[in-house]
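Residue numbers (the working numbering): 49 to 176.
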C-alpha cells in the first residue's frame, strides 16, 4: 500500500518529508505539485490540494484524523535527534512500547510527529 496525502502547502510538506526526515524523491511533477517519496522500504506520495483532486469532503486541520502511518526506520535515535535539532514539534516523544501479538510480546522504540497538515506519523524500530 502506498498512501497519497493531499497537502495544503506543498513547499512546507516537501521541507518536512525530504529535507527534515530524509525521504528520497522517486518522482516529482508539477501542475499540480506531486512527489512520490521513499524512505528505505516505505513509500508515500504527497500532492498539492487542487480543483479536480480526489477530495471526498472539505479539508480541515488536522488532516488524516483517526489514522497514523507507522514508518519502520533502521536508526530511530539518529532521526529523532535530527528532528529535535530542527525543532520539529513532537506529538509523542521517543519511548519504548510493547504490544501483545497473541503469540508473544513485541517491543519497539517509537515516537510520533505531525506533518505540516497534521497527518500523524509514528516512526518505530524493533527492540531486541
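A virtual CB, placed ideally from N, CA and C, is assigned to each residue, including glycine.
Just so you know, these numbers come straight off a predicted model, no measurement behind them.
query                                                                                                                : result
Collapsed DSSP secondary structure at residue 67 in the structure displayed                                          : helix
6 Å Cβ shell around residue 91 - same chain, five flanking residues per side excluded                                : 50
Reduced DSSP secondary structure (H/G/I, E/B, other) of residue 132                                                  : helix
Own chain partners of residue 121 with C-beta closer than 6 Å, once the 5 adjacent residues on each side are dropped : 127, 171 and 173
When 140, 96 and 106 are compared against residue 60, the one with the closest alpha-carbon                          : 96
Reference residue 142, options 99, 111, 86 and 125, closest by Cα                                                    : 125
Burial state of residue 89, where buried means 16 or more other Cβ atoms lie within 10 Å                             : exposed
Residue 108 - DSSP class collapsed to helix/strand/coil                                                              : coil
For residue 144, the three-state DSSP class (helix, strand or coil)                                                  : strand
DSSP beta-bridge partners of residue 75                                                                              : 84
Rounded Cβ spacing between residue 55 and residue 165 (contact assumed at less than 8 Å)                             : 5 Å
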